[in-house]
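Input: a single structure, listed below in structure tokens.
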Amino acid sequence: MFGGIRLDEKGNFKTDFSRSGNVRAASKLTFVFGGKCHLLVFRLLYRPFLYITRSNNISTIAFFPSRSPSSSRISGFEFWRMVFFRSVSAFTRLRSRVGQQSSLSNSVRWIQMQSSTELDLKSQLQELIPEQQDRLKKLKSEHGKVQLGNITVDMVIGGMRGMTGLLWETSLLDPEEGIRFRGLSIPECQKVLPAAQSGGEPLPEGLLWLLLTGKVPSKEQVEALSKDLANRAAVPDYVYNAIDALPSTAHPMTQFASGVMALQVQSEFQKAYENGIHKSKFWEPTYEDCLNLIARVPVVAAYVYRRMYKNGDSIPSDKSLDYGANFSHMLGFDDAKMKELMRLYITIHSDHEGGNVSAHTGHLVGSALSDPYLSFAAALNGLAGPLHGLANQEVLLWIKSVVEECGENISKDQLKEYVWKTLNSGKVVPGYGHGVLRKTDPRYVCQREFALKHLPDDPLFQLVSKLYEVVPPVLTELGKVKNPWPNVDAHSGVLLNHYGLTEARYYTVLFGVSRSLGICSQLIWDRALGLALERPKSVTMDWLDAFCKKASSA
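For the sequence shown, the positions run 32 to 585 when my numbering is used.
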């Protein structure tokens, strides 16, 4: 039985019916508006599905009932009556959600919405993986020889910038719009992902569900995942002993990465591989390792912080709290606004497609079938570099140097002079510019909005606001910068400093905890899709010189 409604451009409903026997429920719903495509799943009671398509400016809504073999057939009238009464409230919620989405952007994006009855994340993946495996196989067989672009000498000697060469499912970075997590921008995530309180920041567990499944989770699913992570968070004593073997003055990232390496002793993937697990099952122990790792890194990170800055007085985990709030609690910050900041911080720092140093390192090491602990520890070592994750500590230190030399009430003209002084000394203004982005980083924008809401009178925030007005014109005048706009690092330190987390050297550890969500999500999909060992071709300068001479003479 098939039932349909057509919605024309004026908002008028048209109905039609046709018989097609027992139709198995579709697993996806496509909703198209404004010429853009969105995927949604809309499960109703008795599991009828809502399917919406668009053709010739007409939106079509179809309902497909899913019945068990033992269920009796229903008449068209009975079916339509059931669908109508059971979908009215759900369709109202859909209209509300779509209205929010369409007002934000006309870009292509997709959301999958599901019922709160399916709480097991691993079961969701078991359903999704075969479909994506078939999709990848089809892409390779039908389009394997399609060229994605030309490689230039500049790309080879310039860090492979702009070179397309890596599959990364969880996020995509647009130079103009910024990051999209499974198609959703940061403002969209803030609207549709479950929050701890109404109008609050997204819960990191919700983003993790989105990254892994491509679906927007329900509140119940987020709560179930939060409990699962809390139950996985126990850290063995030998991990703490490994950290304690280092000097307390060692850089926080050194201690953090050492703790992650010590966790590797419990790797489920390593044990399964040594026992001869079939490659089609690689993703399952990888999933267990990744969920365990995500659950435990906040505990290890908090231990490092308390060891370095609070005389080793560690604070135990509180299983009643969500992921971000519990991390804040273990660090020693129980202010409600700090917990909200931590939720926002972890969410926006979680993933930034696959080409950055930490993400690429995690993928590269994982492609050798190194387990997630080894892969993530390697990623952390990349994150610790001054040109990557260490930049967020450099920003706060630079801002404080401005205050020390010029005072908190520095004028814009004085600030402009200080910026030029920094540039003329051969240094950069930390927190400005990006390798891919060509506009203000949306992660900066949402942090600025948080500050305007919660700490508008903070002196360092006001200085950051002045820098936002002063620095881009100076960098534009300099003429050597492709992107003069602020990135995520330009703001995060000031927010953390406001709520008492003033130790700038520790900030990259927070970044590392956040990045575990994105790197681990992709590692699971790497193993599920059977992605190959990464092995690009390298060349020498002699080879480049000879090739270029031959090309120019041809």
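We put the CB at the ideal spot given by N, CA and C, even for glycine.
Annotated as proximal: residue 516 and residue 472, with beta-carbon spacing under 8 Å. Note on residue 479: 16 or more other CB atoms within 10 angstroms of its CB, so buried under the neighbour-count rule. At the C-beta level, residue 337 and residue 363 come within 8 Å of one another. Residue 313 sits in coil when the DSSP states are folded into three classes, being neither helix nor strand.
Counting along the chain, the unbroken beta strand (DSSP E) around residue 209 starts and ends at 209-212. Comparing alpha carbon positions, the residue from 413, 223, 251, 302 closest to residue 287 is 413. For residue 323, same chain residues with a beta-carbon under 6 Å away, outside a window of 5 residues either side, are 263 in chain order. Per the DSSP secondary-structure output, residue 473 pairs with nothing in a beta bridge.
The Cβ atoms of residue 525 and residue 430 sit closer than 8 Å to each other.
For residue 204, the enclosing beta strand (DSSP E) has its first and last residue at 202-205.
DSSP places residue 463 within a strand segment (E or B) once states are collapsed to three.
Note that the C-beta distance between residue 381 and residue 548 is below 8 Å. In the structure shown, the three-state DSSP call for residue 215 is strand. Annotation for residue 380: the continuous alpha helix (DSSP H) segment containing it runs 367-380. Between residue 343 and residue 389 the beta-carbon gap is near 28 Å, outside 8 Å, which marks them as no contact. The beta carbon of residue 353 lies closer than 7 Å to those of 227, 234, 236, 257 in the same chain, with the five residues before and after it left out. With contact defined as three or more Cβ pairs closer than 8 Å, the region 453-462 and the region 396-405 are not in contact. Using a 10 angstroms sphere on the CB of residue 202, the tally of other CB atoms reaches 16 or more, which defines it as buried.
As the crow flies, the alpha-carbon of residue 231 is around 9 Å from that of residue 222.
Look at residue 226 here: in three-state DSSP terms it is strand.
Here residue 517 carries a strand assignment [DSSP, helix/strand/coil]. The Cβ atoms of residue 393 and residue 377 do not sit closer than 8 Å to each other. For residue 233, the three-state secondary structure derived from DSSP is strand. Scanning 204, 554, 154, 168 for the CA closest to the CA of residue 396 turns up 554.
Nearest in C-alpha terms to residue 209, of all of 571, 474, 521, is 474. A direct Cα-Cα distance of roughly 15 Å separates residue 349 from residue 328. In this structure, residue 291 places its C-beta atom within 8 Å of the C-beta atom of residue 408. Sequence-distant Cβ neighbours of residue 335 in its own chain, meaning closer than 6 Å and more than five residues away, are 283, 286, 287. Classified as exposed, residue 178 has fewer than 16 neighbouring CB atoms from the shown chains inside 10 Å of its CB. For residue 456, the secondary structure class from DSSP, reduced to helix, strand or coil, is coil. Look at residue 191 here: in three-state DSSP terms it is coil, with no helix or strand label.
C-alpha of residue 153 to C-alpha of residue 319: approximately 9 Å in a straight line.
CA-CA distance, residue 507 to residue 497, rounds to 16 Å. Going by beta carbons, residue 556 and residue 200 fall inside the 8 Å limit.
Rounded to whole angstroms, the gap between the alpha carbons of residue 511 and residue 536 is 29 Å.
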